[in-house]
Amino acid sequence: MKIEQLGRHILVEFYNCDKEVLNNHSEIEKHMNEAAIRSKATIVQSAFHTFNPWGVSGAVIIQESHLTIHTWPEFGYAAVDLFTCGDSVNPWIGFEYLSDSLKAEKWETSEVPRGPVDKIKAFAKEDLGEVHFKPQTDSEIAS
């Protein structure tokens, strides 16, 4: 499959979230892993840390890239990145799930295309041919 970008990166600002959820390490990790699963991502590993006196940061490393969160419970705020590659994962499903799970009253999002194929090819030192996210199968190479 020929694609125009390698990945999608959704940057999210969640406001007026449930402060208790934002300060709960196990809840945040559970919700972030579930967001990855619902997005159809393949989880490789997750790591989360609780700060003193409050706040949680963490990352879910997925085969298709990563999901990260940083919480400020004292402000009811969370910053989330949903970075996915390929066409089988939908980061917007993870966004919807997290919006509900964090009980966010407001949010702002922006989607940034990552790995624009035209620039990768333009800046490459050699001819890359067709750029594919996933390795081509023998049947694709033959066609």
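Counted the way full-length UniProt numbering counts, the sequence shown spans residues 1 to 143. Note that the Cβ used here is the ideal one computed from N, Cα and C, for glycine as well. Values in this document were obtained by computation on a predicted structure and should not be read as measured data.
Extent of the continuous alpha helix (DSSP H) run through residue i
i: K30; result: 25-38
i: S46; result: From DSSP, S46 is part of no alpha helix (DSSP H) but of the beta strand (DSSP E) over 43-50.
i: V21; result: 19-22
Under the three-state DSSP convention, the category residue i falls into
i: P116; result: strand
i: L11; result: strand
i: L98; result: helix
i: E140; result: Confidence at E140 is low in this model, with a pLDDT of 36, below 50, so its placement is unreliable and the value that follows should be read with caution. Helix at E140.
i: A59; result: strand
i: K121; result: helix
i: W92; result: helix
i: E108; result: strand
i: L6; result: strand
i: P135; result: At P135, the pLDDT of 38 sits below 50, so the modelled position is not reliable; the number obtained from the coordinates is stated separately. Note: P135 maps to coil in three-state DSSP.
Residues bridged to residue i (per DSSP)
i: Y77; result: W72
i: L82; result: I10, L67
Close Cβ partners of residue i (< 6 Å) along its chain, the five nearest in sequence each way excluded
i: E27; result: V21
i: Q45; result: I61
i: V131; result: V117
i: E4; result: V117
Status (buried if at least 16 other CB within 10 Å, exposed otherwise) for residue i
i: S39; result: buried
i: N52; result: exposed
i: S110; result: exposed
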